[in-house]
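Numbering (the numbering used here), first residue to last: 2 to 128.
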C-alpha cells in the first residue's frame, strides 16, 4: 500500500535534492484534521512542540488537498507504506529510518507512532 503527499514543485525539488522530508510545526499546519487535537491554549502549547509531515492513504486524488497544499499547481508523490515499518531481525529492531530519541533535562525528542499517547511535561514560560 502507498501513502501520498501533496506538495509544490519547488518543495519536490528540495526533497529530491536533499533526500529529506521536512516536518512542520503542528500549529502551522493548514489541515484542520491534522491539528485537531485539543483546543485553545492546550492546542497552541502542544502544537508548537509537535512536528508532523502530512500524508494520506487515499488512493484517489483529492481536490481539496490539491488546493490546500499546492494551490492546484503541484505534485502528489507516493511512497510504499512498508518503508516506515520497523522489523525485528535477530532480536534487534531495524528500520529504513533512524528513529532517534533524545532526552535532556527540559525537553525530549522522540519519533511517534500511530498510537495515541499523551505525556505530561511541565512547562515554564518566560513572559
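Think of the CB as a built atom: it goes at the ideal place given N, C-alpha and C, for glycine as much as any other residue. Given the structure is predicted, the values throughout are model-derived calculations rather than measurements.
Query	Result
Given residue 52 as reference, the closest of 80, 21 and 28 once Cα atoms are compared	28
DSSP three-state assignment for residue 18, whether helix, strand or coil	helix
Alpha-carbon to alpha-carbon, residue 13 and residue 64	19 Å
Neighbourhood of residue 128 by C-beta, 6 Å cutoff - its chain only, sequence neighbours within 5 removed	Bear in mind that a pLDDT of 49 at residue 128, under 50, signals an unreliable position, so the model cannot answer this.
Exposure of residue 19, with buried meaning 16 or more beta-carbon neighbours within 10 Å	exposed
Coil, strand or helix - residue 25 by DSSP	strand
Identified DSSP bridge partners for residue 79	5
Environment of residue 79 [buried if 16+ CB atoms lie within 10 Å]	exposed
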